[in-house]
Amino acid sequence: MREQTFKESTIQSAFRKAGIWPISCNTALEKLRASVATWVAGSTQKFTVVGSITHKGGSCRASLSTDGGITFTVIQSYIGNCLLVSEFPFTVPSDTPTGPAVFSWTWFNKVGNREMYMNCASVTISSGSGSGPVDTAFSSRPDAFVTNVGKGCSTLESIDLEFPDPGPDITVNSIGTTHPIGSCSHAVTKAGISSIKSISIGTQTLSLSGKCSG
């Protein structure tokens with residue numbers, strides 16, 4: 002298995018005080034390059050985040066979009082310790098739709114300004130050998146969670162975010178968590194990320210494990 006590194010041509014940090022970021026995936030979905038990895042449905046993969054600013058951790062998630070970045074489905078939640086470790090293993094759900102997909106990493110930092118970071122990569126999902134019924138269908142997994150974007154929902158500083166719906170696949174490494182505060186009913190929506198106009202973009206780089214697709 003090879004490890005491919007994905008970089009956007011320009012990766013900005015945090016919010017700009019004036020101006021509004023375009024929607025998700027590090028300034029624009031249409032700028033994502035060709036697929037950098039092929040993952041078999043049901044396989045175990047990992048992504049690596051490389052960067053020097055950790056904000057003392059926080060919580061993060063791995064998600065997949067199979068509709069070109071319109072909606073994102075959470076496949077793994079990591080509660081606490083995000084960026085204090087660099088490698089994040091996850092399992093591609095065995096019933097993930099095959100074909101082109103957008104992999105998304107979102108991070109809610111523990112210390113510092115209340116922000117949301119995001120980065121993406123284009124991947125390809127191929128069919129696996131099949132493993133029978135699944136406990137949680139891909140379509141029933143939680144949608145993207147969006148907070149700290151000026152919509153009335155935010156995280157508390159100095160404590161790890163506990164996702165309202167973490168989904169069935171969770172890694173917990175935290176000494177204290179709390180739910181977001183404010184008006185957060187809108188924060189989990191099918192169009193959650195693509196409806197947001199301001200998302201912090203970190204200086205981190207994603208490295209994805211998988212077979213190079215070309």
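Residue numbers for the sequence shown follow our numbering, so the first one is 2 and each next one is one higher.
The beta carbon of each residue, even a glycine, is placed where N, CA and C say it ideally should be.
{"Check": "Selected residue, minimal CA-CA separation from cysteine 83, among Val103, Ser44, Met119, Asn110", "Outcome": "Asn110"}
{"Check": "Between the CA atoms of valine 124 and alanine 35 - distance to the nearest angstrom", "Outcome": "8 angstroms"}
{"Check": "Where leucine 162 falls, given that 16 or more other Cβ within 10 Å makes a residue buried", "Outcome": "buried"}
{"Check": "Where the beta strand (DSSP E) through histidine 78 begins and ends", "Outcome": "Note that residue 78 corresponds to serine in the displayed sequence, not to histidine. Per DSSP, serine 78 belongs to the beta strand (DSSP E) from 74 to 80."}
{"Check": "Cβ-based burial, proline 90 [other Cβ within 10 Å; buried from 16]", "Outcome": "exposed"}
{"Check": "Of the residues Gly113, Gly183, Pro94, the one placed nearest threonine 55, counting alpha carbons only", "Outcome": "Gly113"}
{"Check": "Residues of its chain near aspartate 96, where Cβ-Cβ distance is below 8 angstroms and the 5 sequence neighbours each way are ignored", "Outcome": "Ala42, Val135, Ala138, Phe139"}
{"Check": "Cysteine 121 beta carbon less than 8 angstroms from that of phenylalanine 146", "Outcome": "no"}
{"Check": "CB of threonine 148 within 8 angstroms of CB of serine 155, strictly", "Outcome": "yes"}
{"Check": "Residue from Lys57, Ser44, Val93 whose Cα sits closest to the Cα of alanine 63", "Outcome": "Val93"}
{"Check": "Delimiting residues of the beta strand (DSSP E) encompassing lysine 47", "Outcome": "45 to 51"}
{"Check": "Straight-line gap, threonine 179 to threonine 67 (C-alpha atoms, nearest Å)", "Outcome": "30 angstroms"}
{"Check": "Beta-carbon separation (whole angstroms), glycine 81 vs asparagine 174, contact threshold 8 angstroms", "Outcome": "5 angstroms"}
{"Check": "Proximity below 8 angstroms, CB of serine 78 to CB of glycine 177", "Outcome": "no"}
{"Check": "Outcome for aspartate 144 when other beta-carbon atoms lying within 10 angstroms are tallied against a minimum of 16", "Outcome": "buried"}
{"Check": "DSSP state of serine 95 mapped onto helix, strand, coil", "Outcome": "coil"}
{"Check": "Helix, strand or coil at serine 141 [DSSP, three-state]", "Outcome": "helix"}
{"Check": "Simplified DSSP state of serine 64, which is helix, strand or coil", "Outcome": "strand"}
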